[in-house]
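Heads up, the thing below is written out as structure tokens.
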Amino acid sequence: MVRHFTDLSDAGGDVIAAMINDAQDRKAARAEWPRGRPDEDQPLQGRVLAMIFEKSSTRTRASFDMAMRQLGGSAMVMESGTMQLGRGETIADTARVLSRMVDAIMIRTDDHAKIEEMARHATVPVINGLSDRSHPCQIVADLLTVIERGKALPGLEVAWLGDGNNVLHSFLEAAALMKFNVRIGTPAGYEPETEFVDMARAAGCVVTQTRDAAEAATGADVVVTDTWISMGQDHAEEKLAAMAPYRVTSELMAKARGDALFLHCLPAHIGEEVTAEVFEGPQSVVFDEAENRIHAQKSVLLWCFGLV
Ligand code: CP
Ligand code: NVA
């Protein structure tokens, strides 16, 4: 069976815990090394990852490339606009061709069904590098960031403020797998898909949905937000206005626990979803979170190759 990572549930809770352990060990082992030097064991020596981008990326692109280098392999970037995929070649044929040429495929796209289609036709692992539905690779990095700050996942109180988007969906899926609780503060009409809320609740998690940002933040261990306008969405003034009460401010952070962390997957829009004071403040771990994309993506890759 080929191991695809289209969503967190493909791996499951025990595997995600193992991935985070592996990421911590590998991160510690190379702490002062030059970033491009391979890990001692070079477990993916000779392996090549193709990265298909139908949307922009800084972190996902750089972290998967560096992850492959550190594991002893290499990566190639394929922008869909310069691929035959962008001229109508099918996902199925692209998957079958790349499966004959490379060892794994990472794809960032809009419609999640394209990732599932790629996984159906590929004979090498397919990794979801973000879709309109979910962003599982980000969440492995986020959980690693929370754990390395000394917080245990079971029973953790995570507050999400703002848009009920792809990143929140993956947080809810992670909650179901790792048994933490999620307090969601969103304006009417911008809630997450009920499927993800139901998934977390069915797993025994407490998921609170409120219109009151302060209520969502109160007592939280971790406060998370994301851009109000995701890639592919129109820049709508109406949406920005609806989101304004959910901006993460110092006043809102003060409702959370004193040792609460602030997370943001980036890119951030200072003055929109978060103030400069919070973003640059002592509770913000956003750049650890960004760096941890490398360490997390290494574990995702190793799992896909049967090595975690
Ligand atoms: N957080 C994240 O996925 O960033 P990029 O869009 O830069 O890859
Ligand atoms: N929700 C954002 C995440 C970017 C990493 C988007 O989809 O654009």
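Numbering-wise (numbering that gives the first Met the number 0), the sequence shown opens with residue 0 and increments by one. All C-beta atoms in this analysis are idealised placements derived from N, C-alpha and C, irrespective of residue type, glycine included.
Check, Outcome
"If Asp21 sits next to Leu301, beta carbons under 8 Å apart, how far is it from one beta carbon to the other, in whole angstroms?", "7 Å"
"Using 8 Å as the threshold, is the C-beta distance between Phe4 and Ile104 below it?", "no"
"Note down the Cα distance separating Val277 from Leu160, rounded to an integer number of angstroms.", "14 Å"
"Have a look at Leu239 and Asp6 and give me their C-alpha separation to the nearest angstrom.", "29 Å"
"From the DSSP output, which residues share a beta bridge with Trp159?", "Ile183, Val223"
"Return yes when the C-beta of Arg182 is under 7 Å from any heavy atom of ligand 1, and no when it is not.", "no"
"Could you tell me the alpha carbon to alpha carbon distance between Ala199 and Leu167, rounded to whole angstroms?", "12 Å"
"Going by C-alpha to C-alpha distance, which of Pro186, Arg132, Gly188 sits closest to Phe170?", "Arg132"
"For Val125, report the span of its beta strand (DSSP E) as first-last.", "125–127"
"For ligand 1, I want to know if Leu265 counts as a neighbour, meaning its beta carbon is within less than 7 Å of at least one of the ligand's heavy atoms.", "yes"
"Below 8 Å, can you find three or more Cβ-Cβ pairs linking the segment 54–71 to the segment 284–296?", "yes"
"Leaving aside the five residues before and after Arg34 along the sequence, list all residues of the same chain whose C-beta is less than 7 Å from its C-beta, in chain order.", "Met65"
"Tell me the DSSP secondary structure of His234 in three-state form.", "coil"
"From the DSSP output, in three-state form, read off Glu88 for me.", "coil"
"Rounded to the nearest angstrom, what separates Ala267 and Ser98 at their Cα positions?", "35 Å"
"Does the segment 177–188 come close enough to the segment 225–245 that 3 or more CB-CB pairs lie under 8 Å?", "yes"
"Assuming Arg107 is part of the beta strand (DSSP E), what are its boundary residues?", "103–107"
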